[in-house]
Amino acid sequence: MLKPQFLLTHKVPIVITRRAQDTYVDGDVVEGATTTLTIQGNVQPLKDYELMQLPESERTRDWQKVYTAEEMRSEVEGVGGWGADTFLWESMEDGKTYTYRVMKVRRYKMGILDHWRAFCARESLTPN
């Protein structure tokens, strides 16, 4: 399997925070340990037509898509599940750094140039 090099589109290092699967102790959920790993990827904002495909309530969020040759994880619920990957990214609008959460991942497995595309949304700054 060849890994895409993203030579024409530019790649940057992305530091991913990944949480291991949760466990249960005496019926209580114990969150899994977090680890960090650095991957290479190409980060782009969603296009207008991609935003229009999202539910109306999600369109006002800041969305980025990440193309990478390394695995990215969205949340898997239930027993044996894990939390979504998160990463820090600098906003093009105000230059501040925000946390983005992987919301949807699609793997392109073609035999050659296998890669992942992840849709990531900026986490809210205010409590829900």
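Numbering-wise (the working numbering), the sequence shown opens with residue 75 and increments by one.
Built from N, CA and C at the ideal position, the CB exists for glycine as well.
S131 is not a Cβ neighbour of V176, given a cutoff of 8 Å. With a threshold of 16 other beta carbon atoms within 10 Å, M146 meets it and is buried.
Comparing alpha carbon positions, the residue from Y98, V140, L125 closest to V179 is V140.
The alpha helix (DSSP H) runs of length 4 or more contained entirely in the segment 118 to 196 are, from start to end of the chain, 122 to 126.
For D102, the uninterrupted beta strand (DSSP E) segment begins and ends at 102 to 104.
According to the DSSP assignment, T91 belongs to the beta strand (DSSP E) that extends over 86 to 93. For T97, the enclosing beta strand (DSSP E) has its first and last residue at 97 to 99. Collapsing the DSSP output to three states places T109 in a strand. Straight-line measurement puts the Cα of A192 at about 31 Å from the Cα of D102. Just measuring C-alpha positions, the residue of P129, H84, E105 sitting nearest R93 is E105.
Counting other Cβ atoms within 10 Å of its Cβ, A158 reaches 16 or more and is therefore classed as buried. The closest CA to that of I186, considering only Q118, H84, D100, A143, is found on A143.
In this structure, E164 and T173 do not form a Cβ contact; the two beta carbons are roughly 11 Å apart against a cut-off of 8 Å.
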